[in-house]
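Those protein sequence lines, which keep their order, are chains V and B.
With my numbering as the guide, the letters of the first sequence map in order to residues 8 to 211.
With my numbering as the guide, the letters of the second sequence map in order to residues 172 to 321.
The beta carbon of each residue, even a glycine, is placed where N, CA and C say it ideally should be.
So the structure is just underneath, and the comments pick up after that.
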Amino acid sequence: MRFTLSLIFGLTVVTILPALALPSASTNSAYETVKSVTDELLVKLVEVQPLYENDKEKFFQEIDVSLAPFIDFGGFSRGVMAKYYRRASSEQKSQFAVRFRISLIRTYSKALAEFDNQEIIVVQNNRPLKDPGKARVSLEVHRKDGSIYPIEYSLVWIDGKWMLRNIVISGINIGLQFRSQFAASMQQYKNDIDKVIENWNVDV
Amino acid sequence: MQMRSIEIIVGAFMLAGIISLAVLAIRVSGFNVGAETNTYSLYARFDNIGGLVRRSKVSIGGVVIGRVAEIRLDQDTYTALVRMEIDRDVQTISTDSTATILTDGLLGGKYIGISIGAEEAFLVNGDEITDTQSAIVLEELIGRFLLKKF
Numbered sequence: 008m009r010f011t012l013s014l015i016f017g018l019t020v021v022t023i024l025p026a027l028a029l030p031s032a033s034t035n036s037a038y039e040t041v042k043s044v045t046d047e048l049l050v051k052l053v054e055v056q057p058l059y060e061n062d063k064e065k066f067f068q069e070i071d072v073s074l075a076p077f078i079d080f081g082g083f084s085r086g087v088m089a090k091y092y093r094r095a096s097s098e099q100k101s102q103f104a105v106r107f108r109i110s111l112i113r114t115y116s117k118a119l120a121e122f123d124n125q126e127i128i129v130v131q132n133n134r135p136l137k138d139p140g141k142a143r144v145s146l147e148v149h150r151k152d153g154s155i156y157p158i159e160y161s162l163v164w165i166d167g168k169w170m171l172r173n174i175v176i177s178g179i180n181i182g183l184q185f186r187s188q189f190a191a192s193m194q195q196y197k198n199d200i201d202k203v204i205e206n207w208n209v210d211v
Numbered sequence: 172m173q174m175r176s177i178e179i180i181v182g183a184f185m186l187a188g189i190i191s192l193a194v195l196a197i198r199v200s201g202f203n204v205g206a207e208t209n210t211y212s213l214y215a216r217f218d219n220i221g222g223l224v225r226r227s228k229v230s231i232g233g234v235v236i237g238r239v240a241e242i243r244l245d246q247d248t249y250t251a252l253v254r255m256e257i258d259r260d261v262q263t264i265s266t267d268s269t270a271t272i273l274t275d276g277l278l279g280g281k282y283i284g285i286s287i288g289a290e291e292a293f294l295v296n297g298d299e300i301t302d303t304q305s306a307i308v309l310e311e312l313i314g315r316f317l318l319k320k321f
């Protein structure tokens with residue numbers, strides 16, 4: 008009797024465990040995600056960097072392929088729209104997410120095009136956040152002149168993987184800058200969300 | 172007898188004058204006796220708080236909704252942990268809001284500005300605003316500018 012009970016208990020636990028899929032030891036796996044994406048990107052960059060001179064579009068596409076699966080464009084663009092998010096229709100929300108994705112990938116690509124074999128160190132032992140579904144991973148870009156500029160990624164756990172939600176570069180909160188830009192744009196176009204989206208700058 | 176009563180009246184006026192001045196001074200400084208009970212606490216971490224002090228204001232869109240209650244140095248991460256007391260009637264600060272350290276005017280003191288996000292969930296007592304922007308320190312900016320020159 009006892010044996011059957013413990014067998015049933017054991018089987019139940021084993022079948023439930025995968026369904027939980029919570030980010031346990033979450034900051035370690037967030038670190039690993041960032042490290043592997045960074046390493047893969049740097050390897051790819053060696054091949055595609057020369058493309059930037061001749062075929063910018065192709066270069067952007069290559070970077071998009073590498074980075075897009077790692078970035079939560081929906082959540083990121085939602086944070087940029089902030090208090091205007093509720094006023095937008097679902098079509099406007101997705102239109103903005105698309106434009107935002109283009110501008111973010113292009114900005115990222117431009118920075119990568121100028122990347123000159125600097126050393127990128129992904130910091131281990133990042134402080135775990137109270138919310139297990141969120142994580143912070145720090146990176147350091149070591150410039151040739153010895154200076155270090157710090158980058159901090161804010162990640163969220165979505166559908167079984169860590170995705171990028173915000174970046175802080177050298178102490179400047181990029182998501183916040185975009186948010187201010189969106190708000191200023193709303194002022195400029197008199198709260199016409201369609202105009203704001205249309206005029207969201209995607210050129211670098 | 173008359174001198175005495177005149178003296179007493181003068182004394183009373185002096186006292187009233189001094190008390191009024193004291194009340195005025197307290198009111199101007201924004202010190203609110205007993206208002207602490209109508210608040211809840213929110214935390215935020217910054218790499219650099221600039222000249223932020225206890226009782227610096229916390230505002231949303233320029234409207235003061237609370238004060239900085241406590242500032243501590245977290246010796247594990249060397250970040251500043253700030254506790255803010257927010258008015259209880261401000262309940263709708265979304266969980267993805269951002270706390271920024273801003274300067275009042277050109278040369279004024281530092282304060283915390285909260286920029287509201289888009290999440291439907293709101294922060295409650297004891298929660299932390301995880302998305303922050305530290306103070307822009309002039310010397311660091313100059314340093315960065317100088318470095319670029321090389």
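I want to verify the contact list: residues of chain B whose CB lies under 8 Å from the CB of V/Tyr-92, in sequence order. To locate residue 92 of chain V, count along the first sequence from 1; it is residue 85. Neighbours of V/Tyr-92 on chain B, chain order: Ala-289.
Near-chain V residues of the stretch 222 to 236 of chain B (beta-carbon distance less than 7 Å), N- to C-terminal order: none
Which residue wins for smallest C-alpha separation from B/Tyr-214, given the options V/Thr-45, V/Leu-136, V/Val-105? In the second sequence, the residue the question calls residue 214 of chain B occupies position 43. Of the listed residues, the one whose Cα sits closest to B/Tyr-214 is V/Leu-136.
Contact between the stretch 278 to 292 of chain B and the stretch 226 to 237 of chain B: three or more CB pairs below 8 Å? yes
Buried versus exposed call for V/Ala-26 [16 or more other C-beta atoms within 10 Å across all chains shown]: Translated into the one-based positions of the first sequence, residue 26 of chain V becomes position 19. Residue placement at V/Ala-26 is flagged as unreliable, the pLDDT there being 47, under the threshold of 50; the coordinate-derived value follows with that caveat. By the 10 Å Cβ count, V/Ala-26 comes out exposed.
Does the beta carbon of B/Ser-212 come closer than 7 Å to any beta carbon on chain V? Here residue 212 of chain B refers to the residue found at position 41 when the second sequence is read from its first residue. So no, B/Ser-212 is outside the interface.
Taking B/Ser-286 as the query, report the chain V residues whose CB atoms sit under 9 Å from its CB, ordered along the chain. As a first step, residue 286 of chain B is located in the second sequence; it is residue number 115 there, counting from the start. Near B/Ser-286 (Cβ distances below 9 Å), the residues of chain V are Ala-89, Lys-90, Leu-183, Arg-186, Ser-187, Ala-190.
For B/Ser-305 and chain V, any beta-carbon pair shorter than 7 Å? In the second sequence, counting from the first residue as 1, residue 305 of chain B sits at position 134. True, the Cβ-Cβ gap to chain V drops below 7 Å.
Going straight from the alpha carbon of B/Val-181 to that of B/Val-253, what length do you get? Counting from one through the second sequence, the residue named residue 181 of chain B turns up at place 10. Counting from one through the second sequence, the residue named residue 253 of chain B turns up at place 82. Looking at the two C-alpha atoms, the distance is approximately 48 Å.
Determine whether the Cβ of V/Arg-106 lies closer than 7 Å to any Cβ atom of chain B. Taking the first residue of the first sequence as 1, we reach residue 106 of chain V at position 99. Interface with chain B (7 Å Cβ-Cβ cutoff): V/Arg-106 is excluded.
Tell me the DSSP bridge mates of B/Asp-245? Reading the second sequence from its first residue, position 74 is the one you call residue 245 of chain B. Paired residue(s): B/Thr-250.
Using a Cβ cut-off of 7 Å, which residues of the stretch 257 to 276 of chain B contact any Cβ in chain V, in chain order? Under the 7 Å Cβ criterion, the stretch 257 to 276 of chain B contributes Asp-267, Thr-269, Thr-271.
DSSP three-state call for V/Ala-95: helix, strand or coil? In the first sequence, residue 95 of chain V corresponds to position 88, counting from 1. Three-state result, V/Ala-95: coil.
Chain B contact residues for V/Leu-136, given Cβ-Cβ distances below 9 Å: Residue 136 of chain V sits at position 129 when you count from the first residue of the first sequence. Annotation: Cβ neighbours of V/Leu-136 in chain B (cutoff 9 Å, chain order): Glu-299, Thr-301.
Quick check on this structure: which residue in V/Tyr-156, V/Arg-143, V/Arg-113 has the alpha carbon closest to the alpha carbon of V/Gln-125? The residue labelled residue 125 of chain V in the question sits at position 118 within the first sequence. For the residues V/Tyr-156, V/Arg-143, V/Arg-113, the minimum Cα distance to V/Gln-125 belongs to V/Tyr-156.
V/Asn-180 touches chain B at which residues, Cβ-Cβ below 8 Å? Counting from one through the first sequence, the residue named residue 180 of chain V turns up at place 173. Ordered by position in chain B, the residues that pass the 8 Å Cβ test against V/Asn-180 are Thr-269, Thr-271, Asp-302, Thr-303, Gln-304.
Through-space distance from B/Ser-191 to V/Leu-171, alpha-carbon basis: Here residue 171 of chain V is taken as the residue at index 164 of the first sequence, counted from 1. Here residue 191 of chain B is taken as the residue at index 20 of the second sequence, counted from 1. Whole-angstrom Cα-Cα distance: 57 Å.
On the DSSP bridge list, what partners appear for B/Phe-217? Residue mapping note: residue 217 of chain B aligns to position 46 of the second sequence, counting from 1. Looking at the DSSP assignment, B/Phe-217 forms a beta bridge with B/Ala-251.
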